[in-house]
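Residue numbering for the sequence shown follows this note's numbering, starting at 502 and increasing by one per position.
Here a beta-carbon is modelled for each residue, glycine too, at the ideal position from N, C-alpha and C.
Following: one structure in structure tokens, then a few remarks.
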Amino acid sequence: MARTILVTGGAGYIGSHTVVSLIEHGFDVVIADDLSNSSPKAVAAVAKLTGKEVTLVEVDLTEEFQVRKLFANYPIEAVVHFAGLKAVGESVEQPLRYYQVNLGSAMNVLKTMARHDVWDFVFSSSATVYGDPEVLPIPEGAATGPTNPYGRTKLMIEDICRDLAASDKRWRIGLLRYFNPVGAHPSGEIGEDPQGHPNNLVPFVMQVAVGRRDKVQVFGDDYNTADGTGVRDYIHVVDLALGHLAALDNLTAGCEEFNLGTGSGASVLEVIQATAKASGKEIPYEIVARRAGDIATSLADPSRANSQLEWRADRNLEVMIADAWRWQEKNPYGFGERPADSN
Ligand code: NAD
Ligand code: WQD
């Protein structure tokens, strides 16, 4: 019998790609999502891609009774927990909402898991827990020190998991610290669909390439990097999705952190150049002031995940950007409609 995996936030960007990989590898999947930052069209696209019906349950995970109902209704054996809020700037403006949604959801899920004798938990953490890193590339043992409420919710949920695993040996928890997820499924049927002004570089550059925005603002060119612009460890979302399968397959008793990144970096200007090449479009840009809170370089040391999870991210920047562009070109407005006031 196939294992049934609960994927919270499975209608979202990383969740939908992970659901595709899970189904392709023979798992049964139940998605729980309140669709606050995603579309049921993503789930329909996953069903089309995999040729399987996908169960989507509309659940607000901050409501404990809804989580209990979910576990009562489906034979859940493991949980991959993506659901949550993720915008750094918004978390500074609305910290209580971030603590409420991110911590509340995680605690309701963990509590209900134990009640139903389910102990395998894979959590979407983030490289943001490292703050401004002291060592590069960053190993899991590096000091943590997130610099915003969003990042603190990630570290707090990690702490809860570490405490839980210490309290009961049945827990098997993987804390996956993603670096910078980008790209899309190679079919171009699912991808990242930010609402409003994109916070992240790649979706912004894609919207310039497709003509939705005039130019990219490059946040600073005076960092201590080769070309002066920020360097990040971009990871293809399909590699990231496969990292969740590797984690589920290799969970051991306790709680362990894993960096999911490639180990190599690209600058803002390199991302812009790669997009110009993939799309054949000119990408106008201007250098503006640094963005508050940004760091010069973030790079993963992924060796723990490489050896213990037998996983490696091998899709390079060219593939990431080509796949992101395919999605954007096919779906200029993502899963939504072209707004009436656009030209
Ligand atoms: P996303 O917003 O596309 O997906 C999150 C999903 O959770 C959405 O579908 C949203 O509707 C759902 N959700 C939010 N609140 C909910 C609630 N109360 N109940 C049920 N569902 C709820 O984001 P993503 O980029 O796919 O990120 C997934 C996870 O990975 C998040 O936890 C995020 O913090 C983490 N992460 C993302 C990145 C990144 O750059 N995208 C990097 C590191 C970590
Ligand atoms: C990448 C680079 C910017 C936009 C964020 C979160 C982090 C994680 C991933 C969830 C930086 C530059 C960006 C633009 C630019 N999310 N940039 N112009 O900041 O590394 O990480 O997303 O966990 O928590 O903080 O990613 O894509 O925003 O920026 O020049 O319009 O692009 O300065 O150097 P970041 P990003």
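- Inclusion of Arg-733 in the 7 Å shell around the ligand WQD follows from its C-beta lying nearer than that to a non-hydrogen atom of the ligand.
- Glu-819 is classed as exposed because its beta carbon has fewer than 16 other beta carbons within 10 Å across all chains shown.
- Phe-705 sits in a helix when the DSSP states are folded into three classes.
- Placement of the Cβ of Gln-774 at a distance of 7 Å or more from every heavy atom of the ligand WQD is found.
- Of the candidates Thr-730, Asp-723, Ser-804 and Ser-606, the residue whose Cα lies closest to the Cα of Ile-658 is Ser-606.
- Around the beta carbon of Ser-808, fewer than 16 other beta carbons sit within 10 angstroms, so the residue counts as exposed.
- Here the C-alpha atom of Val-711 lies approximately 25 Å from the C-alpha atom of Arg-791.
- Around the CB of Thr-753, fewer than 16 other CB atoms lie within 10 Å, so the residue is classed as exposed.
- For Thr-505, the enclosing beta strand (DSSP E) begins and ends at 505-509.
- The beta carbon of His-745 sits closer than 8 Å to those of Thr-519, Ser-522, Leu-523, Val-581, Val-623 and Leu-677, all from its chain and outside the five residues before and after it, given in chain order.
- For Gln-567, the shortest C-beta to heavy atom distance toward the ligand WQD is 7 Å or greater.
- The alpha-carbon separation between Asn-701 and Gln-718 amounts to approximately 11 Å.
- Taking the Cα of Glu-594 as reference, the smallest distance to any Cα among Thr-563, Tyr-651 and Phe-572 is reached at Tyr-651.
- In this structure, Asp-694 has its CB at a distance of at least 7 Å from all heavy atoms of the ligand WQD.
- In the DSSP annotation of this structure, Pro-596 is not part of any beta strand (DSSP E); the continuous alpha helix (DSSP H) holding it starts and ends at 596-599.
- Remark: three or more beta-carbon pairs, one from each stretch, lie closer than 8 Å, so the stretch 760-771 and the stretch 716-732 are flagged as touching.
- Counting every other CB atom within 10 Å of its CB across the protein chains shown gives Phe-566 a total below 16, marking it as exposed.
- Not one heavy atom of the ligand NAD sits closer than 7 Å to the Cβ of Asp-740.
- Shown here, Phe-836 sits in coil according to DSSP, grouped into three states, outside any helix or strand.
- Close CB contacts of Ala-685 within its chain, under the 6 Å cut and outside five residues either way in sequence, are with Gly-692, Asp-824, Ala-825 and Trp-828 (chain order).
- Residue pairing by DSSP puts Asn-760 in a beta bridge opposite Arg-678.
- Not one heavy atom of the ligand WQD falls within 7 Å of the beta-carbon of Asn-609.
- Contact between Leu-557 and Pro-576 is absent: CB atoms are separated by about 17 Å, not below the 8 Å threshold.
- With a minimum length of 3 residues, the unbroken runs of beta strand (DSSP E) contained wholly in the stretch 758-827 fall at 786-789.
- Burial state of His-737 is buried, judged by a 10 Å Cβ sphere holding 16 or more other Cβ atoms.
- Under the DSSP assignment, Thr-654 falls in the alpha helix (DSSP H) whose first and last residues are 650-668.
- Note on Lys-831: under 16 other CB atoms within 10 angstroms of its CB, so exposed under the neighbour-count rule.
- Using a cutoff of 7 Å, the CB of Lys-587 counts as near the ligand WQD, since one of the ligand's heavy atoms is closer than that.
- Closer than 7 Å to some heavy atom of the ligand WQD: that describes the Cβ of Thr-629.
- Annotation for Ser-627: the continuous beta strand (DSSP E) segment containing it runs 621-627.
- Comparing C-alpha distances from Val-739 to each of Phe-705, Ala-797 and Tyr-679 shows the shortest one belongs to Tyr-679.
- With distances taken between CA atoms, Arg-653 lies nearest to Val-630 out of Leu-665, Val-630, Gly-511 and Trp-672.
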